[in-house]
Amino acid sequence: EHRPLHEHLQRMIRYTDEEARAKGDGFPLANLEAGAAGEWFLRATRSWGIMRVATALGMGRIVPMIAYQGVVGASAVGLVRVADVTPEAFLLGGRAVERVWLTATRRGIDFQPMTAVTLFRLRCQLEGTDAFQPRHRRLLRELWPSYEALWGGEAPGHVMLFRLGYGRPVACRTLRKPPAGPADAFA
């Protein structure tokens with residue numbers, strides 16, 4: 004429902020195997036496990052103009068509903084929090100996420116990031132609610148009290164919300180570029 008976010012997501016999706024292999028990054032469409040209808044919707048709404056019309060028709064609420072169903076159907080939901088919103092704190096939080104994720108994987112438990120709400124919360128903290136459209140500001144004002152009550156307000160830095168459970172294997176993995184060597188880091 005927000006053009007910059009829509010366009011950012013679209014830049015990350017790889018719609019064909021050829022595109023995924025050529026770029027070596029992003030999310031192959033099948034990796035999103037949106038099903039045939041979800042893949043059709045993502046393809047159909049690639050342009051902002053079409054997505055804007057779909058949003059006006061209320062179709063933008065489909066994605067949050069799918070996320071909601073995933074959370075309520077999960078075996079567990081967790082949140083990694085840190086003491087503040089500094090880059091150093093988030094680096095430590097990222098390390099904690101990695102440890103939780105690797106431990107879950109080692110035990111055969113699936114881990115799925117659910118980052119939208121934590122990213123919106125951080126954006127509100129850093130930029131204020133003016134960073135959002137008026138209707139989204141209203142939604143966030145309604146959401147935050149319940150969210151804070153659920154997770155507690157002691158730690159301001161919410162790094163990643165995630166769900167855990169047992170599921171079928173991922174049908175399509177994301178590609179990774181090789182890590183940069185020491186010489187590449189300073190180029």
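The sequence shown lines up with residues 4 to 190 when you count with the numbering used here. Cβ atoms here follow ideal geometry from the backbone N, Cα and C, with glycine treated the same way.
Buried or exposed: which applies to residue i, given that a residue is buried once 16 or more other Cβ atoms fall within 10 Å of its Cβ?
i      : result
Thr89  : exposed
Ala23  : buried
Leu32  : buried
His161 : buried
Gly27  : exposed
Take residue i and list the residues in its own chain whose beta-carbon comes closer than 8 Å to its own, dropping the five residues that flank it on each side.
i      : result
His139 : Glu4 and His5
Going by DSSP, what residue range makes up the alpha helix (DSSP H) through residue i?
i     : result
Ile74 : Reading off the sequence shown, one finds Val at residue 74, where the question assumed Ile. It spans Ile65 to Val75 - the alpha helix (DSSP H) in which Val74 sits, taken as one unbroken run.
Ala57 : Trp51 to Ala59
Gly38 : Gly38 to Ala47
Leu12 : Arg6 to Met15
Asp28 : Where Asp28 is concerned, there is no enclosing alpha helix (DSSP H), given that its DSSP letter is neither H nor E.
Who are the Cβ neighbours of residue i in its own chain at under 7 Å, not counting the five residues just before and after it?
i      : result
His9   : Trp51 and Met54
Gly63  : Glu4 and Ala57
Ala190 : Here Ala190 scores only 49 on pLDDT, less than 50, and its place in the model should not be relied on; the value that follows carries that caveat. Here the set comprises nothing.
Can you name, in chain order, every residue of its own chain whose Cβ lies under 6 Å from the Cβ of residue i, other than the five neighbours on each side?
i      : result
Arg176 : none
Gly96  : Val83, Val85 and Val162
Glu130 : none
If I follow the unbroken beta strand (DSSP E) through residue i, where does it start and stop?
i     : result
Ala79 : Ala79 to Val85
**Q.** Contained beta strand (DSSP E) runs [length at least 3] in the stretch 103 to 129, N- to C-terminal order
**A.** 113 to 116
**Q.** the stretch 166 to 173 contacting the stretch 107 to 125, beta-carbon criterion three pairs below 8 Å
**A.** yes
Q) Residue ranges of each alpha helix (DSSP H) run of no fewer than 4 residues wholly in the stretch 138 to 189, ordered along the chain? A) 185 to 188
Q | Any 3 or more C-beta pairs closer than 8 Å across the stretch 102 to 109 and the stretch 119 to 132 | A | no
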